[in-house]
Amino acid sequence: MWYEEIGSSDPEIFGLIKDEVSRQREGLEMIPSENFTSPAVMQAVGSVLTNKYSEGYPGKRYYGGNQYADAVERTAIERAKTLFGVPHVNVQPYSGSPANMEVYLAVCKPGDVICGQSLSEGGHLTHGFKTSMTGQIFKSVQYGVREDGYMDIEGARRLILESRPKLIWVGSTAYTREFPFKEFAVMADEVGAYLAADISHISGLVVGGVHESPVNYAHIVTTTTHKTLRGPRGAMIMVTEKGIRKDPELPEKIDKTVFPGMQGGPHDHVTAGIAIALLEASRPQFKEYASQIVRNARALANGLSARGIKLVTGGTDNHMVLVDLTPFGPGRGVFVQEALDAVNITTNKNTVPKDPAPPFYPSGLRLGTPALTTRGMKEPEMEAIAGMIAEVIMKVKDNELPQEREQRIAQIRKFRESLRADASLQQMRRRVVELSSRFPLYPSMRI
Ligand code: DSN
142 MWYEEIGSSD
152 PEIFGLIKDE
162 VSRQREGLEM
172 IPSENFTSPA
182 VMQAVGSVLT
192 NKYSEGYPGK
202 RYYGGNQYAD
212 AVERTAIERA
222 KTLFGVPHVN
232 VQPYSGSPAN
242 MEVYLAVCKP
252 GDVICGQSLS
262 EGGHLTHGFK
272 TSMTGQIFKS
282 VQYGVREDGY
292 MDIEGARRLI
302 LESRPKLIWV
312 GSTAYTREFP
322 FKEFAVMADE
332 VGAYLAADIS
342 HISGLVVGGV
352 HESPVNYAHI
362 VTTTTHKTLR
372 GPRGAMIMVT
382 EKGIRKDPEL
392 PEKIDKTVFP
402 GMQGGPHDHV
412 TAGIAIALLE
422 ASRPQFKEYA
432 SQIVRNARAL
442 ANGLSARGIK
452 LVTGGTDNHM
462 VLVDLTPFGP
472 GRGVFVQEAL
482 DAVNITTNKN
492 TVPKDPAPPF
502 YPSGLRLGTP
512 ALTTRGMKEP
522 EMEAIAGMIA
532 EVIMKVKDNE
542 LPQEREQRIA
552 QIRKFRESLR
562 ADASLQQMRR
572 RVVELSSRFP
582 LYPSMRI
């Protein structure tokens with residue numbers, strides 16, 4: 142049963158879903174924050190649980206008829222507690238940004254000093270960036286990375302001792318090395334701050350045992366559920382033993398800020414998907430999957446480095462590779478992303494530390510291996526893909542970004558058109574389709 146009801150009720154949306162299925166099947170999905178859930182997770186998200194209102198928590202709901210929704214949520218919570226080794230989990234946050242906002246509201250007051258990794262140096266919007274509410278409601282101080290791309294632990298320490306934040310974030314969205322949880326715990330303890338680890342990108346690597354867990358260091362851990370963890374789009378907030386030692390009421394405070402503080406009814410269909418993903422992640426095969434993600438990222442990094450492509454920190458310890466295109470000039474990310482799109486390799490342009498260009502036209506490219514690893518690809522495929530990406534970079538590296546906004550838009554449009562007519566890219570696209578077809582995606586999905 143795959144989508145046939147959509148086909149008869151809304152052919153327009155059905156057509157778009159069909160096209161998206163083909164796009165996912167015939168391309169290489171290399172955005173590090175994306176993945177392919179199992180059919181079981183997807184079916185749970187499309188289940189009758191979407192019909193239910195369950196404001197409140199298991200056993201304490203504002204609506205009747207919640208006996209099964211209660212059991213689903215309790216199951217998700219228990220599985221998360223066991224898998225991550227934490228005493229308290231809230232599985233209701235709608236996604237990562239609300240989850241992080243709920244953490245702020247539980248432990249901070251407007252105007253408090255908070256500290257996170259700068260967005261332009263790998264951090265996340267919700268860790269105090271100026272355009273995020275988190276950078277407006279709170280006094281945000283931001284740490285970054287050193288010249289070599291590694292976390293500037295000494296700089297963060299100076300900043301934290303001087304500004305004495307109430308809440309410190311560790312964990313980010315464009316950092317390719319292990320997070321220094323232990324070092325940040327020492328700093329947080331020294332100033333009496335809460336330490337929140339945002340492991341959205343690496344939670345699958347943590348439960349797979351290939352990345353250190355922050356659970357012994359942080360008071361609070363947040364994660365989205367749809368990245369390396371391979372669940373549906375959603376998030377969780379966990380309180381650790383250390384968090385409960387600091388404030389025995391922390392679990393209750395978190396629960397209260399999630400509901401009724403920030404959210405209404407939980408998405409029970411997503412909670413069911415999260416529960417299934419957690420069960421899948423507890424199986425031995427998931428450990429092998431997590432190790433292969435990292436082996437693949439290293440093979441990709443080695444393949445690019447061997448072809449003279451510069452990488453931030455020179456390589457990777459996790460699921461991600463951050464390509465530094467500044468040797469070719471500022472603002473090259475958009476051209477490389479567009480050209481890779483033209484050959485069905487999906488990536489995202491990204492800032493690199495000390496980027497000379499603005500965030501919408503950055504000078505880097507972020508690549509990830511979780512989705513390709515789910516498809517079953519291994520080191521030989523990564524080497525072949527590194528070859529294609531390097532070829533595309535060398536082909537478009539001399540495209541310069543005009544200074545003026547309108548000119549930029551016009552130039553990118555012209556560039557996109559030129560890509561469609563390029564015979565060598567068309568040929569590469571055929572190679573990508575052929576490679577993808579050797580690793581079938583959702584073979585049981587008849588569409
Ligand atoms: N959008 C996510 C990412 O791509 O890393 C972060 O929220």
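In this note's numbering, each residue carries its 1-based index in the sequence shown increased by 141.
Idealized CB from N, CA, C, for every residue including glycine.
Computed from a prediction, not measured in an experiment: that's the story for all the values here.
### Task
Indicate the three-state DSSP secondary structure (helix, strand or coil) for S150 in the structure shown.
Numbered from its first residue, the sequence shown carries residue 150 at position 9. Reduced to three states, the DSSP call for S150 is helix.
### Query
Quick one: Cα of C256 to Cα of R220, how far?
The residue labelled residue 256 in the question sits at position 115 within the sequence shown. The residue labelled residue 220 in the question sits at position 79 within the sequence shown. So the two alpha carbons sit approximately 31 Å from each other.
### Task
Just tell me which of G264, K307 and Y284 has its CA closest to the CA of G252.
For this step, residue 252 is matched to residue 111 along the sequence shown. If we check each option's Cα against that of G252, K307 comes out closest.
### Task
Would you give the residue range spanned by the alpha helix (DSSP H) that M529 belongs to?
Looking up residue 529 in the sequence shown gives position 388. Segment E520 to V537, the alpha helix (DSSP H) holding M529.
### Task
Alpha carbon to alpha carbon, how far is D388 from M523? Give it in angstroms, no decimals.
Position 382 of the sequence shown, counted from the start, is the residue given in the question as residue 523. Position 247 of the sequence shown, counted from the start, is the residue given in the question as residue 388. When rounded, the distance between both Cα atoms is 46 Å.
### Candidates R371, K538 and M379, of which the one nearest A247 by Cα
In the sequence shown, counting from the first residue as 1, residue 247 sits at position 106. Comparing Cα positions, the closest option is M379.
### Message
In this structure, how does DSSP classify Y502 when only helix, strand and coil are distinguished?
### Response
For this step, residue 502 is matched to residue 361 along the sequence shown. Three-state result, Y502: coil.
### Query
Distance, Cα to Cα, A418 vs D539?
Position 277 of the sequence shown, counting from 1, holds the residue named residue 418. Position 398 of the sequence shown, counting from 1, holds the residue named residue 539. Rounded to the nearest angstrom, the two C-alpha atoms are 44 Å apart.
### Task
Return the Cβ separation of A359 and A337 in integer angstroms, given the expectation that the two are a contact with Cβ distance under 8 Å.
For this step, residue 359 is matched to residue 218 along the sequence shown. For this step, residue 337 is matched to residue 196 along the sequence shown. The pair is a contact, with the Cβ atoms about 6 Å apart (cut-off 8 Å).
### Message
Please classify R473 as buried or exposed, where buried requires at least 16 other C-beta atoms within 10 Å of its C-beta.
### Response
As a first step, residue 473 is located in the sequence shown; it is residue number 332 there, counting from the start. It counts as buried.
### Message
For D211, report the span of its alpha helix (DSSP H) as first-last.
### Response
Position 70 of the sequence shown holds residue 211. Run containing D211: Q208 to F225, per the alpha helix (DSSP H) assignment.
#### Entry: the segment 474 to 488 contacting the segment 532 to 552, beta-carbon criterion three pairs below 8 Å
yes
### Query
Between S236 and H342, is the Cβ-Cβ spacing less than 9 Å?
Looking up residue 236 in the sequence shown gives position 95. Looking up residue 342 in the sequence shown gives position 201. Not in contact: S236 and H342 (Cβ atoms no closer than 9 Å).
### Query
What are the complete beta strand (DSSP E) segments, minimum 3 residues, inside the segment 242 to 317?
254 to 258, 280 to 284 and 308 to 311
### Query
Counting along the chain, where does the beta strand (DSSP E) carrying I378 start and finish?
Within the sequence shown, numbered from 1, the residue matching residue 378 stands at position 237. Here the beta strand (DSSP E) through I378 covers A376 to V380.
### Message
Looking only at its chain, what residues have a beta carbon closer than 6 Å to the beta carbon of Y335, apart from the 5 residues adjacent to it on each side?
### Response
By one-based count along the sequence shown, residue 335 stands at place 194. Only V248, L308 and H360 meet the Cβ criterion.
### Query
In terms of residue numbering, what span does the beta strand (DSSP E) encompassing T99 cover?
In the structure as shown, the chain begins at 142 and stops at 588. Residue 99 is therefore absent and cannot be evaluated.
### Beta carbon shell of the ligand DSN at less than 5 Å from a heavy atom
S174 and T314
### Task
Would you please state the rounded distance, in angstroms, between the beta carbons of V244 and T363? I believe it to be under 8 Å.
Along the sequence shown, read from residue 1 onward, the residue named residue 244 stands at position 103. Along the sequence shown, read from residue 1 onward, the residue named residue 363 stands at position 222. So it is a contact: roughly 6 Å between Cβ atoms.
### Task
Return helix, strand or coil for K490, following the three-state DSSP convention.
Here residue 490 refers to the residue found at position 349 when the sequence shown is read from its first residue. Correct three-state label for K490: strand.
#### Entry: Spatially closest choice to Q426 from V311, L370, K397 and K280, by CA coordinates
Within the sequence shown, numbered from 1, the residue matching residue 426 stands at position 285. Looking at the Cα atoms, L370 is the closest of the given residues.
### Task
Measure the CB-CB distance between N465 and G505 and report whether it falls below 9 Å.
Here the question's residue 465 lines up with position 324 in the sequence shown. Here the question's residue 505 lines up with position 364 in the sequence shown. Correcting the residue type first, residue 465 is Asp in the shown sequence and not Asn. Yes; because the gap between Cβ atoms is below 9 Å, this pair is in contact.
### Query
Are the beta-carbon atoms belonging to R507 and N489 less than 9 Å from one another?
Along the sequence shown, one-based indexing puts residue 507 at 366. Along the sequence shown, one-based indexing puts residue 489 at 348. Yes; because the gap between Cβ atoms is below 9 Å, this pair is in contact.
### Query
E161: buried (16+ other C-beta within 10 angstroms of its C-beta) or exposed?
Counting from 1 along the sequence shown, the entry for residue 161 is found at position 20. E161 comes out exposed.
### Query
To the nearest angstrom, how far is it from the Cα of R346 to the Cα of A416?
Translated into positions along the sequence shown, residue 346 becomes position 205. Translated into positions along the sequence shown, residue 416 becomes position 275. The residue asked about is misnamed: residue 346 is Leu in this sequence, not Arg. Rounded to the nearest angstrom, the two C-alpha atoms are 18 Å apart.
### Message
For I526 and E153, I'd like the C-alpha separation in whole angstroms.
### Response
Residue numbering aside, residue 526 sits at position 385 when the sequence shown is read from its first letter. Residue numbering aside, residue 153 sits at position 12 when the sequence shown is read from its first letter. Spanning the two alpha carbons is a distance of roughly 34 Å.
### Query
Within 10 angstroms of its Cβ, does E331 collect 16 or more other Cβ (buried), or is it exposed?
Stepping through the sequence shown from its first residue, residue 331 is reached at position 190. With fewer than 16 other Cβ atoms within 10 Å, it is exposed.
### Task
Would you decide whether D293 is buried or exposed? Buried here means 16 or more other CB atoms lie within 10 Å of its CB.
Position 152 of the sequence shown, counting from 1, holds the residue named residue 293. Per the 10 Å Cβ criterion, buried.
### Message
Among F320, L582, E520 and E393, whose alpha-carbon lies nearest the alpha-carbon of L445?
### Response
Residue 445 sits at position 304 when you count from the first residue of the sequence shown. The candidate whose alpha carbon is nearest that of L445 is E520.
### Query
By Cβ distance below 8 Å, which residues in the same chain neighbour P401 in space, the five residues on each side in sequence not counted?
Reading the sequence shown from its first residue, position 260 is the one you call residue 401. E196, listed in sequence order.
### Query
So what does DSSP say about A562, is it helix, strand or coil?
Along the sequence shown, one-based indexing puts residue 562 at 421. A562: coil per DSSP, three-state reduction.
### Message
In the DSSP output, what is H229 paired with across the bridge?
### Response
Counting from one through the sequence shown, the residue named residue 229 turns up at place 88. V380, per the DSSP bridge assignment.
### Query
Of all the alpha helix (DSSP H) runs that stay within the bounds of the segment 317 to 366, which reach a length of 4 or more residues?
322 to 332 and 344 to 348
### Query
Apart from the five residues on each side of it in sequence, which residues of its chain come closer than 8 Å, Cβ to Cβ, to A413?
The count along the sequence shown starts at 1 and reaches residue 413 at position 272. Cβ within range, chain order: A185, V186, S188, L190, V213 and A217.
### Task
Could you say which of H408, G449, I158 and P584 lies nearest to N192 if we only look at CA atoms?
Taking the first residue of the sequence shown as position 1, residue 192 is located at position 51. Checking every option, the nearest Cα to that of N192 belongs to H408.
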